[in-house]
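If you read the sequence shown in the numbering used here, its first letter stands for residue 33, the second for the next number, and so on. Let me begin by presenting the structure, written as structure tokens, before commenting on it.
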Amino acid sequence: MPRPSKGARLYKRKPRYRDGKLVHQAVWIIKDGNRHIATGCVASTSEKKPPAKAEQALADYIARKYQPERRRQDIEDIDCADVLSIYLTDIGEPGDQFEIEARIERLNEYWGGKKLAQVNAQSCAGYTKHRGSPGGARRDLETLRAAINHHAKEGFHRGIVRVSLPPKGEARDRWLTRKEAAALLWHCWRYREKQTIHSGTSKGGPVATNRRPLRHIARFILIGLYTGTRAGAIASASPYAITGRSYVDLERGIFYRKAIGKRATKKRQTPAPIPPRLLTHLRRWWNRKLIAECFVEFNGKPVASVKKGFKTAVGLARLPGRVTPHTLRHTAATWLMQRGVPIWEAAGFLGMSPEVLQDTYGHHHPDFLQGAAAAIGQKSRYVSVAETVVNLTEDRNHKKKPNDFWSEWQDSNLRPLRPERLDLVASRCIYRLFRAPSWTIPLFCSRSFLGFLGL
33 MPRPSKGARL YKRKPRYRDG KLVHQAVWII KDGNRHIATG CVASTSEKKP
83 PAKAEQALAD YIARKYQPER RRQDIEDIDC ADVLSIYLTD IGEPGDQFEI
133 EARIERLNEY WGGKKLAQVN AQSCAGYTKH RGSPGGARRD LETLRAAINH
183 HAKEGFHRGI VRVSLPPKGE ARDRWLTRKE AAALLWHCWR YREKQTIHSG
233 TSKGGPVATN RRPLRHIARF ILIGLYTGTR AGAIASASPY AITGRSYVDL
283 ERGIFYRKAI GKRATKKRQT PAPIPPRLLT HLRRWWNRKL IAECFVEFNG
333 KPVASVKKGF KTAVGLARLP GRVTPHTLRH TAATWLMQRG VPIWEAAGFL
383 GMSPEVLQDT YGHHHPDFLQ GAAAAIGQKS RYVSVAETVV NLTEDRNHKK
433 KPNDFWSEWQ DSNLRPLRPE RLDLVASRCI YRLFRAPSWT IPLFCSRSFL
483 GFLGL
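The structure is reproduced here in structure tokens:
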């Protein structure tokens, strides 16, 4: 009976000598059955643990070797890790979706080893508890649902698999006032880095340096407040048309928020004109060589995220509530509504649908339900029912032609009036009786007239 295979593993191959001379040095290789794959890592005689580069080579080899099965169609046999792996391979570049690799890695930690048939409401609730954050668990499970739908669309499994999502949280409505935004900008621009003195009489005390580590956050805040753009597009904004970065046309004053070469997603990153005040700042930063490649740079290099620096700035400004980089987008939308900008125009400028803008920020508009609020508080004069009936009849008569009156008169002579028409005529006559001059009362009270009314 053959011995079971140990699988792919790192192996330290001893040095080789020929005629007393060293021919091959000791190296780390990947041993997989009868195959020997070089890692490019030379090993010393005293080295017992493989270096990180060799371990990475082993991980890459295993990833290349293992290809998930795409022919099995029974959900009892398909591993969730295979479904996620196929989805990550087929969607294109990982950067096309926000944090897709991190989400799939978290999903693999919990769902790896579980079969597709085990995805149900109970297991999804267990993942939500394992994740610890309902909002984060919902975003991760949305990725799992997308992966399962892609797997089914390609025809790789049969059967219905439903992913149960936790309840959606309430929309955040935190926005900055003009005073709060000014305080945030002031602290970002004026803040100086403090260091600790390590020698002398003032050892252990803080000292302010000339470094301004938050000025790139000030530029980020200005662009966010004036354009309402998402944080990722602001961080990649560049005055040069570079693949993978959003482009700011300083000559024509247009901000192309979708990165060049990136496919369009449901996040509507439409081009928008740059406000004149912000355009002046952007041109000044570029003319004075304050930026190299992007408008938001730290130590001369573009930043991937401003979460850490933005959190520091919020702490210095002592702003209440949860203020994040996305709060700038909420602030821009709120300010546009408070200024009375039409909804369709504000939605086009911000790159969102008018329905979302109306539902989330519409109550900030000065015209929001003002017609109903003004009408319900107005006083109206008292009008009797008889007067209302008479006015309605007169309005209808004004719209009729003379021939219509003649036909109605003929009908009244040929056949008796309908009960509802009789009541209407009686009400009209009684009303006019009380409003008529005194000399006409005998005429109204004559026997022929009362007989006509059926009295």
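Ideal placement from N, C-alpha and C gives every residue a C-beta, glycine not left out.
Asked	Found
Rounded to a whole number of angstroms, what is the C-alpha to C-alpha distance between V151 and I132?	20 Å
With 16 as the cutoff for other CB atoms within 10 Å, does L401 come out buried or exposed?	exposed
By the DSSP assignment, the beta strand (DSSP E) with F287 in it spans what residues?	I286 to Y288
Would you report the Cα separation of T363 and K290, rounded to the nearest angstrom?	21 Å
Quick check on this structure: which residue in T259, G403 and L311 has the alpha carbon closest to the alpha carbon of L384?	Reading off the sequence shown, one finds Met at residue 384, where the question assumed Leu. If we check each option's Cα against that of M384, T259 comes out closest.
Could you check what DSSP says for W207 in three-state terms: helix, strand or coil?	coil
Considering only the alpha carbon of each residue, which of T77, I61, L139 and V388 lies closest to K299?	V388
On the DSSP bridge assignment, give the partners of R45 in chain order.	V59
Can you tell me which of P245, G39 and L382 puts its alpha carbon nearest to the alpha carbon of L90?	G39
Would you check if there are 3 or more beta carbon pairs closer than 8 Å linking the stretch 324 to 342 to the stretch 265 to 273?	yes
Let me check one thing: in DSSP terms, what residues is R67 bridge-paired to?	D64
Compute the Euclidean distance between the alpha carbons of A345 and Y223, then round it to the nearest angstrom.	9 Å
So what's R224 in DSSP terms, helix, strand or just coil?	coil
Could you pull the start and end residues of the beta strand (DSSP E) that V151 belongs to?	That residue, V151, is in no beta strand (DSSP E); it is neither H nor E in DSSP.
Decide if W60 is buried, meaning its Cβ has at least 16 other Cβ atoms within 10 Å, or exposed.	buried
List the DSSP bridge partners of F330.	K333
Go ahead and pull the three-state DSSP assignment for K53.	strand
Am I right that L216 and L120 are in contact with their C-beta atoms under 8 Å? What's the rounded C-beta distance?	Between L120 and L216 the Cβ distance is about 38 Å, and since that is not below 8 Å, they are no contact.
Classify A172 as helix, strand or coil using the three-state DSSP reduction.	Going by the sequence as given, residue 172 is Asp instead of Ala. Of the three classes helix, strand and coil, the one that applies to D172 here is helix, per DSSP.
What does a CB cutoff of less than 8 Å around R177 pick up in its chain, not counting 5 residues either side in sequence?	V195 and L197
Given H182, which residues of its chain have a CB within under 7 Å of its CB, disregarding the five upstream and five downstream residues?	Y119 and D122
Can you find the residues in the same chain that come closer than 7 Å, C-beta to C-beta, to L257, ignoring five residues on each side of it along the sequence?	A213, L360, T363 and A364
Is I110 near K147, with beta carbons less than 8 Å apart?	yes
Does the Cβ-Cβ distance between I286 and P303 come in under 8 Å?	yes
Assuming A240 is part of the beta strand (DSSP E), what are its boundary residues?	P238 to A240
Where does the unbroken beta strand (DSSP E) through V373 begin, and where does it stop?	Segment: none, V373 is in no beta strand (DSSP E) and carries neither H nor E.
My output table needs one value for A263: the three-state DSSP class, helix, strand or coil.	helix
Should P357 be labelled buried (16 or more other beta-carbon atoms within 10 Å of its own) or exposed?	buried
Going along the chain, which residues of its own chain have a beta-carbon closer than 8 Å to the beta-carbon of R138, five neighbours each way excluded?	R163 and D172
Name the DSSP beta bridge partners of R190, please?	D106
Taking the beta strand (DSSP E) that Y279 belongs to, which residues open and close that run?	Y279 to D281
Identify the continuous alpha helix (DSSP H) that holds F400 and give its terminal residues.	Run containing F400: none; DSSP gives neither H nor E here.
Please go through the same chain and pick out, in chain order, the residues whose beta-carbon is closer than 7 Å to the beta-carbon of R45, but skip the five residues on each side of it.	A58, V59 and I61
Measure the CB-CB distance between L348 and L310 and report whether it falls below 8 Å.	no
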